[in-house]
Structures are given as C-alpha cells and as structure tokens.
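Protein chains in written order, with our numbering: chain G, 900 to 988; chain Y, 4 to 736. Just so it is clear, CB atoms sit at the ideal spot from N, CA and C, and this is done for glycine as well. For clarity, every value in this text was computed on a predicted model and none was experimentally measured. Remarks on the structure that follows.
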Amino acid sequence: MSDDQPVDLPISTTPPESEAVESTPSIPCRHLRNKGMFVYNGEVSSSSHDDYDNTIYWCVKTMKGYGPDDEMVSRDDCTSAERSCYEPF
Amino acid sequence: MPSVWPENPRLIGTRITRLDGLVKATGKAKYPSDMHPEGMLFGAMLYSPHAHAKIKSIDLAPAERMPGVKAVMIVGAIKPGSTLRFQGDDIAAVAAETEEQAWDAVLAIKVEYEVLPHVVTEAQAVAPGAASVFKGTGIVNNQKKARSQTNGDPEKALGAPGVVSIEANYMAPVITHVCLEPHGLTVRFVGEDKIEAWASTQAVGVTAGDLAGAFGIPTTNVTVHTEVMGGGFGSKFGADIWGITAAHLSKKAGGRPVKMFLDRAHEHLGAGNRPSAIAHVKLGASKDGKLVSLIAETSGTGGAGSGSNFPLPYVYAVPNSSRTHTDIFVNGGNARAMRAPGHPQGCIVMEAAMDDLADKLGIDPLEFRLKNLKERDMVEDGFSKPTVDRTPMYLDEVAMGADLIGWKAKWKPRGKNGDGPIRRGLGMALHQWGGGGPATNQVACTINPDGSVEMKSATQDIGTGARTIFAIIAAEVLGLNVTDITSNIGNSTFPPGQPSGGSTTTPAMSPPAFNAAILARDELFVKVAPGLNAKPEDLTLADGQVCVKGEPKLPWKDACRKLGQQSIQVTGKSSPGLASQHGGVGGCQFAEVSVDIETGVVRVKKIVAIQDTGLIIDKMTWETQVYGGVIGGLNYGLFEERVMDPTVGIMLNPDMELYKLAGASDIPEIVVRAYETPAMKARGVIGVGEPPTVSTAAAIGNAVSNAIGVRVPHWPMSPKNVLDALASKEGKA
C-alpha cells in the first residue's frame, strides 16, 4: 500500500450539519443500561480510554438499542423528560 | 492489616487441571440448554423476516388453536404500528408441548407488514436520501459523530520536511457472536411471585435482576442457575427479551417451565456482533523512524445502536494526531460487547498502518515498533498506584516473541519472499487491555465438622475457570488438595459475585476467596488451639495437617471434628493489593503464514503469543485462555464476516456453514508464553480473558502483506480479499 493510492472506501462519512454531541450531565432514564454499570460498579471501565467511547447501551424495557418510543438509546438520548418513555430514578 | 499472597505458594501459579474439565469433556456436565424440568414446554420466537418494516397487524389466534400450544404472546413493547429495525427483530413467542409444535405455531401467527426501505450496509446508510434507521440526538443521515480528538498539529507535522508518510484505507467487517450454546434459558414461574431459571448467562445476578424487574417482584424471589455455560464472549449479560418472554409464557401456562433458546439463525441475526471498522489513515514518521503524526477518519456500524468506536492511536506514541469517528446506523442486529470491545479494530488499523509505513521507510517493522513505544507507559499496581512501566515490558515481550517465531532468521522485507506460487511471510502486532477487577464482591467459605470445605459465590464460569480458581486459593490457604474443595458458583442467591465482563472475574473474585479462606482458617485455629496446648498464632496448615510451630500435630479431619456440630461459616471481602483494580496489561503476537497467490488461500503456520497479566492463579487455565483468545483472533483474521444482501436486506450467511470459523485443521502451532516477573506478580491478579484475542488478526494481516508484497486492506484475509489486493497491485482491480 505504501506506494499506492489507498483503495476506495465504500463510503464517505461526513454527515451534513451534524455536530459531535458532548455528554450531558442530566439524570439518565432508570431503564438505561450498559455493561459497565454491572462490571465496574460505577467505576471507570478498565477498558476505557480517555479519547473514545464505544459504550453499547440498551433499554431494559426493549432490551434493544432503541426504546419503546422507537428512538435511539444512549446516554445523550435517554435524559429527556420530553421522551414519552423516560422515567427518572 | 491487609492480606498478601503467599511468597512461596504451593499451588498458586502452577498448572492445575480444571475441576470441571472431565465432566465437560465427557459430556456429563449439564448446561442450561440441557435442563429439562418436569412439565417443560418448548418456546419459540417469531422474528422479523424483513430488514425494516412496520407491523400493521398481528393475529395470534391461529397459533393459539394449534395442537399442543399452551401460551402465545406478543413480545415486549411490540404492537400494531411498531417498527421492526432488522431481520431477526423479535415479534411474538409461543410455548408448546413439543419443539415441533412450537415452531408450527410460530408459523401460524399472522403478521401483516408494511415493508419499509432499508439500509443494511454502511454505504447504503450514508447515501443521500437513505432511509432512516431511527431518530436520536445528533443523528444526521444515519450518522452520529463522536467527539473529535486532536493533539498537537498533525497536518503541519505531516507536511514537515523530511517526513515520510503513507495514506491508506483499512476495513474490518461486522462479525457476529457464535457461542456454541445459544442464548436463552429455561424458566418457570413459581406461585404468584417467584421465578426459577436455568440461564446460559455470564451474569447470574444481572439476569435475576432483569427477571425481577420485568415482573415487579423482589430480586430475592428469583433464583438463576448457571452451573456451566457454553460460551458468552460478552454477549450474554442478562435475561434478554427472549428470557423475559419465556417467563411470561411460563406464567401464562400456569407455571410450567418454558425452554427458550435461540436457533442458530436468530443467534447470528439478533444476539449481538462486533461492529465494523472503516478507516482512512495518514501516518507519518521521520526518516529515522520516529512517528510524528497520525490523521485518522474512522467509522463503523454496530447496527441499530451505538458502540462502533475504537481506540486510535493505539499502543504507540504519536506526538501529533487527530481523529474523527462516526457511528453509522444500519438495519442490522445490535452490537454487543465481544471479547475486548474496540481493541481488535483499533489494533488492526494502527498495526496495518505501522507496517505500511515501516515498509515505505525501509525499516524492519519490529524495530520501527520498538522505536515508537511510549517513553514511559505507567500502569497500576495492586494498590491502584501507577508504579509499573509497561514500556520495558513490551521490549522484553517483543524480544521473547521474536525469538520464538524466528524473526531474525526468517523475516524478509515485503515482496522479497520468493517467486513461486506459495509465499511465506511474518507479521506482528502489539496490544493492551485493562483486566482489573472491582473490590465489591464476596465469597463464603464453610468448613464442616467432617472436614469438607465449600467456597461459594454468585459468580459464574464464562470459561476463565472460576470454580478451579476458588479451589486452588482455598487449598493453598488450608493446606489441602485442590480436589478437597467444593466450589459452588452459578447461583444468583449466593453471596454477591462478579458478572463476567472486561476480564474482571478472576481479579474480582480471587481476593474475597483468599480472605474468606483466611478467615475460616483463623477461626479453626481459635477452635483447635486449646486442645493442642498452643496459641492460635502458633498454628499453621500444611499437607493436610494442623502444625504447631511447624510440627504436624493433628490431621485436618481430626481438627475439623473438634468443631462439634457447628460448621465454620465466614464471608470474605476484597482487600487492597491482592488484585489490580483497573488492570493495564499488554502483550504481542507474531504470525507466520503461507499464501497461495494463485488461489488466495492463506494458511497460518504458527502464532506466538506473549502476554503479561500480573499474578497467575492457575497456569494451565491461564494458558487455555490465551489459546482461546488466539483462536478467536484467528477467526477474525481469516474467516468471519457478516454478509448482508443490500437489495433484500437480509444476512446471507446466518448459519455455521457459510459463516466461516476455523476447523481443527485450520489451527496452527500456537506458542504461548507468560511474561512473569516479580514486578508482575506484585501487581496482584489481573484477568486474561480478553487481551490475547486483540492482536492476532492484525498480526495475520501483516504477515499476509509481508508474504505477498501488497497490503490486503480488507479483513478477513479471505481468498477474495487477497486476490483483490493482488489484482490491485497489478492494476487489474
């Protein structure tokens, strides 16, 4: 590869008008889950890295990556009381 | 005063056969999917045949009328109007007298779908006007940007005079979980508010909590058993929707047990996967081989959910770097943690770029790596203090690995490995991981008047040998044989134990096991010392004897008889210094391959795996974890790939025939070495489940490129990808 042009990527990922979302300090829904909650007991994940987050979230109501309202499950998304399925602790 | 591991252990760190190895190898072990409680019904799930659809209507009545059917229900929050987001998304379930009746009834359920446009590949998902998988904060065109990372001025550094750089793309596909025992459980509702389950899970406590929460009953009313399990790899972390559904079916069927295990296709579709990785990388170094800059734009998909990010830069010191990552959402099953989440992808991308740049620089890639380790890479000791420097460990480990693979004698520059159709090559890669364990668990130790000893905790054995680990520790403390100890695990009602994730089980459970055995021993000493005319502090245990000032005085069983009718029952907790809290391990792997450049077939001839992990409790179990990790990495490097049909939106290989995994003849010679030094042992126990799987695929990819003289940028190293790369080199792609 060193002297060649890179092979084509099948995609170009630059979503228009999309900004990275900073994590929010709001209280998450009580149905939000990720594995670190159980494995690290609220401590920093031993596999965590300062510069990236690959946490896989799920909703305990659906056991999926999207909630009962069909929207995405994440730390950013599951803090809004405007969401019909949101339940605080 | 905190307890400390024995300086000169009799058992700890030696090679001890697993206590349950024989029953597993002979088929006598009863796995959760083997359980057949009286009156058991068979469960089956109806799942979406479409990648993206809206449910217009569901009619369960035809299924309810089928022979043998005892309960039918819609799953979870599904209702008319609900959206199904991937082939395999759960819809409804049946419990019937026989498995065949259950599946017949599933086929009888009438669902009217409104099929929606789908996106099942990354390219489809980001195309203009693509169908939306779901809404969410920051999602535009099925993409969500992660926080960008910038250190220094990477563009300026890359363009500086004298800097040699490469620009390349690398890709690793989505791979699916393929546990030999499928996901699922057998469960029964007992009375109005109690549940008993036999679950294939790596977290009995979490599974109990999920079941309790789903029914609004106390967790203490739920008992989850996992005596043994057939693989989890990160994907079996709770009751799951099918487990909760099975409990509902049991309740509807009057408390008859319901067995609900996924079929193999459903496993591939809905039981989790490792996200893809797509990377555009610029990497630059000075002519003498010091990295100066990395610019990386990466993306990946974890299906209809988060989690595709991965570490980059990885392992090496890069003074200037920038990184952007984009999560891409597709109509595919959700990602789940898979053995060292993110690290295999980060390792592939970084290590491929390192090899490509070394080739351009004309430097031995081994020497290039050693030049670019961090000056001091501090990791924690057993007291959570960063006192251990990983950099000299890497230097030692690479030297060990290079010697074992024969690097000096065999390695030749890329493209210099012969002219015939079969080319040989060598490759290497470095990795790191966490692997510490939290200090929040408990182990109960009981010494009975008949001399029997039980260790007990609500952890489970995902494969790291918890049962044997407990027994070794107790036998070490009590001066007994490992087989004298009974380890009872896999029951959610036992004292709280560690869920198995992040390589934390052994480091989390060894300290409370050790302290429990010490507490029990000391209580025994108090009870028997008067009869020996000695003080408790004068007593020790060795070779099945109670010793007074080192002299054997009383056989173990005679000592225990002096307990009368009362057992010693104590519970141990963790204490500082016995295990690393946050881990921090590393290692390196080397691969030797042969490649047929006419067919593109790659054969891995040999893998060398060097790994550090702190204090090793059972050397044999430790080694088997490394073997397993390497084999998992070999599958990622050579075979595994989820193949999606972009036109109809379905997975083309959801089975164990077309979803390729290594067979016995694909397994090469694997040489495993532990990097064990006094400094490592002083770190306490650290887990090894995940780290040895991280760098195998990267090392294999680098070995293939070394053999054939061109980078194969797409993993796995399948014949197609190899031949495509060769064709590209000749300008035929």
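Contact set between residue i and chain Y, taken where Cβ atoms lie within less than 7 angstroms
i: E981(G); result: In chain order: nothing, as chain Y lies at least about 11 angstroms away.
i: I926(G); result: Near I926(G) there are no residues of chain Y at all, since even the closest Cβ is about 16 angstroms away, more than 7 angstroms.
i: E970(G); result: F137, K138 and G139
Closest by C-alpha distance to residue i, when choosing among the options
i: V691(Y); options: G46(Y), I492(Y), G439(Y) and G734(Y); result: G439(Y)
i: A442(Y); options: Q584(Y), V382(Y), G335(Y) and M357(Y); result: Q584(Y)
i: M396(Y); options: A256(Y), M381(Y) and R524(Y); result: M381(Y)
i: S490(Y); options: F528(Y), C448(Y) and Q568(Y); result: C448(Y)
i: V675(Y); options: K622(Y), V284(Y), A307(Y) and F45(Y); result: K622(Y)
i: V295(Y); options: T329(Y), P722(Y) and P316(Y); result: P316(Y)
i: E644(Y); options: L726(Y), A175(Y) and V97(Y); result: A175(Y)
i: L641(Y); options: G617(Y), I670(Y) and I653(Y); result: I670(Y)
i: E400(Y); options: N724(Y), I711(Y) and A677(Y); result: A677(Y)
i: I712(Y); options: I488(Y), S302(Y) and P416(Y); result: As written in the sequence, residue 712(Y) is Gly, which differs from the Ile given in the question. Ranking the options by Cα distance to G712(Y), first place goes to P416(Y).
i: V207(Y); options: E526(Y), Y116(Y) and D464(Y); result: D464(Y)
i: D487(Y); options: G365(Y), P499(Y) and S455(Y); result: S455(Y)
i: F236(Y); options: T624(Y), T467(Y) and R267(Y); result: T467(Y)
i: R267(Y); options: A32(Y), M357(Y), C182(Y) and G493(Y); result: C182(Y)
i: Y173(Y); options: A702(Y), A282(Y), G336(Y) and T20(Y); result: A282(Y)
i: L22(Y); options: E158(Y), M38(Y) and V485(Y); result: V485(Y)
i: I331(Y); options: Q104(Y), E125(Y), T624(Y) and N709(Y); result: E125(Y)
Beta bridge counterpart(s) of residue i as assigned by DSSP
i: N172(Y); result: H283(Y)
i: K459(Y); result: A447(Y) and N491(Y)
i: M76(Y); result: A96(Y)
i: V181(Y); result: None, per the DSSP bridge assignment.
i: K963(G); result: C958(G)
i: K609(Y); result: E595(Y) and E672(Y)
i: W201(Y); result: T189(Y) and H228(Y)
i: A299(Y); result: V284(Y) and R326(Y)
Cβ pair residue i, residue j closer than 8 angstroms
i: S85(Y); j: I58(Y); result: yes
i: T543(Y); j: G534(Y); result: no
i: V321(Y); j: L297(Y); result: yes
i: A80(Y); j: F45(Y); result: no
i: C984(G); j: K960(G); result: yes
i: L637(Y); j: T680(Y); result: no
i: Q572(Y); j: G590(Y); result: no
i: G310(Y); j: A274(Y); result: no
i: A160(Y); j: G652(Y); result: no
i: L481(Y); j: R524(Y); result: yes
i: V122(Y); j: N145(Y); result: yes
i: V209(Y); j: F240(Y); result: yes
i: A64(Y); j: A108(Y); result: no
Chain G contact residues for residue i, given Cβ-Cβ distances below 8 angstroms
i: A206(Y); result: F937
i: H328(Y); result: Y951
i: V209(Y); result: F937
i: F240(Y); result: K934 and F937
Closer than 8 angstroms at the beta carbon, the chain Y residues around residue i
i: S973(G); result: G139, T140 and S309
Chain-ordered neighbours of residue i on chain G, where CB pairs are closer than 7 angstroms
i: V118(Y); result: Within 7 angstroms Cβ-Cβ: nothing; V118(Y) doesn't reach chain G, min ~17 angstroms.
i: R339(Y); result: I955
i: V382(Y); result: Simply none; closest approach about 11 angstroms.
i: F743(Y); result: Outside the modelled stretch of chain Y, which goes from 4 to 736, sits residue 743(Y), for which no answer is possible.
i: F313(Y); result: Y951 and N953
i: P221(Y); result: Chain G residues near P221(Y): none, gap ~17 angstroms exceeds 7 angstroms.
i: P502(Y); result: F937 and V938
N-terminal and C-terminal residue of the alpha helix (DSSP H) that residue i is part of
i: M353(Y); result: H346 to L364
i: H251(Y); result: D243 to K255
i: H271(Y); result: R267 to G273
i: G802(Y); result: Lying before the first or after the last residue shown, residue 802(Y) is absent from chain Y, which here runs from 4 to 736.
i: Y630(Y); result: K622 to L641
Per-residue contacts from residue i into chain B (C-beta, under 8 angstroms)
i: Y965(G); result: Protein chains G and Y are contained in the structure displayed, whereas chain B is not.
N-terminal and C-terminal residue of the beta strand (DSSP E) that residue i is part of
i: L566(Y); result: Premise fails: L566(Y) is in no beta strand (DSSP E) and is neither H nor E.
i: D330(Y); result: N323 to I331
i: D213(Y); result: Unbroken run through D213(Y) is the alpha helix (DSSP H), V207 to F218; no beta strand (DSSP E).
i: R191(Y); result: G187 to V193
i: Y397(Y); result: No beta strand (DSSP E) holds Y397(Y); the alpha helix (DSSP H) holding it covers R393 to I408.
i: L373(Y); result: Here L373(Y) belongs to no beta strand (DSSP E); instead the alpha helix (DSSP H) covers P368 to K374.
i: R932(G); result: L931 to N933
i: E644(Y); result: E644(Y) -> no beta strand (DSSP E), and no H or E assigned at all.
Any non-hydrogen atom of the ligand ATP within 7 angstroms of residue i CB
i: T394(Y); result: In the structure shown, the ligand ATP is absent, as is every other ligand, since no ligand is present at all.
Per-residue contacts from residue i into chain G (C-beta, under 9 angstroms)
i: I244(Y); result: T961, M962 and K963
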